[in-house]
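What follows is a single structure, written as structure tokens, with notes after it.
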Amino acid sequence: MTPFTPSPLSRRQWLKSSGLVAGGAMATGSLTPSLLPALESDAVHVIDGQTTAAGFAAHEQMVAAARRADGPIRLASNENPYGMAPSARKAIEDGWKQHAWYGAPSLPNLKKVYADSVGVPVDHIMIVAGSSELLSIVCLAYGMKGDVLTAWPTYEGLPRYAESLGIRVHKVPLAADLTHDLDTMDRRLTQAVDLTFVCNPNNPTANVTDNAKLRSFVSNASRRSMVLVDEAYHDFVTDPSYSSLVDMVKKGENVIISRTGSKIHGLAGLRTAFVIARPDIIARLQPLSTSAPGVFGALGAAASLQDTAFQAMCKQRNVEGREIMKTAIAKMGRKMTDSQTNFVFFHAGMPVEQVQKAMLAKGFMIGRAFPPYTDWARISIGTPDEMRAVAAALPEIIGGAPKSLGSSER
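Those letters in the sequence shown? Residues 1 to 410, per full-length UniProt numbering, in order.
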């Protein structure tokens, strides 16, 4: 019998046959017609791991066209409209052979890259398959013997999971300016509280809580409970008074920081998230983890973390889109929060379901209602052109709606 001899297979041929093109489309839209030329040009548009300005411009055009072709523009889930960086695409293409291997041999490198990026030792880092698993693990490790304390509304992943386990969750309404009511939270911080959850910047309200007050609260809370600080939107903040609480981890406090690859890195479809905590905390969390990012998530995240040029360009475009929306909302005389994220939150004056329906008819998907703020709208920031179109459409929809706030929303 003649022994089988595999024929040479180029990365380009494999990409065509393997379905990775469709996989890449998860992060940037349905890019099948145009992804292969983009991959072939990445070697030109990525220099020393950094996306060039010309590369970002070409990438931006490609993604914008794909988003238009996909149907309604996605402005509901706070995704990065630019998807993954060209450098991340190139890293995935270069490492394509790893798709057949169990485990992710690139995970140790990702852990080191992430540790270096936040300035902590590698043993302070844990990598998991997305923020949902991260929040669940922390809840299992530190919420099962007592209560959970959180502001409300906030990112619902941890509170909802805790409730599903029968854990009592103390939900403290936001302050009048829609930031965390830290005074009330401090009063609710009894011996029964085992885990305190803070999301800063907060989702869905898009704003940050006063830095000095938050640090004081977290320092106090960490002496009575474990504190989880969700910093998913950290990379979009432009307020100079804001700072991450990673330094509290470095000081050895009972603080866990969660970050994600789903926002500025555009890797939501590849499920990558990061835990920053003391080594003993990591050791308690690690056995509870049931999965980790796949090969492509690890490769793409490591490349994206080092591509600071792409991150800076995404942040600048986000600022442009955010300012377009803030100006439009102000012109309509609507109350809004000071967004420091990749979405805005403002008073629409009508049930948000009506706004959703009207915006969908104009080609835009926007966020759902977040009780008790059921007449406030959350709209993710897309490209500047998309936000100009949204800004033009909104007055037709909510221009005549009441501007006064309900008693539950003052």
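Virtual Cβ for every residue (Gly too), placed ideally from N, Cα, C.
Quick caveat: nothing in here was measured; it's all calculated off a predicted structure.
At 3 residues or longer, and completely inside the region 232 to 262: list those beta strand (DSSP E) runs for me, N to C.
-> 255 to 260
Can you give the Cα-Cα distance for A151 and G294, rounded to whole angstroms?
-> 33 Å
Just the C-alpha distance for Y373 and A392, rounded to the nearest angstrom, thanks.
-> The alpha-carbon atoms of Y373 and A392 are separated by roughly 24 Å.
Proximity of N202 and V193 at Cβ, strictly below 9 Å = no
Using the Cα positions of A212 and S244, report the straight-line distance between them to the nearest angstrom.
-> When rounded, the distance between both Cα atoms is 11 Å.
The alpha helix (DSSP H) enclosing V319, as first and last residue numbers = Counting along the chain, V319 sits inside the alpha helix (DSSP H) bounded by residues 308 to 331.
Beta-carbon spacing of G382, P81 below 9 Å = yes
Unbroken beta strand (DSSP E) runs of length 3 or more, entirely within the region 80 to 148: which are they?
-> 125 to 128
So which of K112, P395, N109 has the shortest CA-CA distance to T327?
-> P395
Enumerate in chain order the residues of its own chain whose CB-to-CB distance from G399 is below 8 Å, with the five nearest sequence positions on each side excluded.
-> M332
Are three or more beta carbon pairs between the region 135 to 151 and the region 274 to 287 nearer than 8 Å?
-> yes
Exposed unless 16 or more other CB atoms sit within 10 angstroms - verdict on Y161 | buried
Report the partner residues of L270 according to the DSSP bridge assignment.
-> Beta-bridge pairing links L270 to no other residue.
Taking the DSSP output, what are the residues bridged to residue 446?
-> Residue 446 falls outside the range modelled here, since the chain spans only 1 to 410, and no answer is possible.
Under the rule that 16 or more other beta-carbon atoms within 10 Å means buried, what is Q61, buried or exposed?
-> exposed
If you follow the alpha helix (DSSP H) that residue 418 is part of, which residue opens it and which one closes it?
-> Nothing about residue 418 can be reported from this structure: the residues present for the chain run from 1 to 410 only.
Indicate the three-state DSSP secondary structure (helix, strand or coil) for A57 in the structure shown.
-> helix
With C-beta atoms as the reference, is P371 less than 9 Å away from I324?
-> no
Paired residues, beta bridge with R74 - DSSP = M365
Where T52 sits in the DSSP three-state scheme | coil
V208, enclosing alpha helix (DSSP H) - first and last residue = Careful: V208 lies outside any alpha helix (DSSP H) and carries neither H nor E.
Straight-line CA distance for Q306 to K112?
-> 11 Å
Would you tell me roughly how many angstroms separate the C-alpha atoms of D177 and I329, rounded to the nearest one?
-> 17 Å
When F343, S289, F296 are compared against S132, the one with the closest alpha-carbon = S289
With M226 as the anchor, note down where its beta strand (DSSP E) starts and where it stops.
-> Start and end: 226 to 230.
H45 to K90 span [Cα, whole Å] = Just so you know, the alpha carbons of H45 and K90 end up roughly 10 Å apart.
Beta-carbon separation (whole angstroms), A206 vs V344, contact threshold 8 Å = 6 Å
In three-state DSSP terms, what is I276?
-> strand
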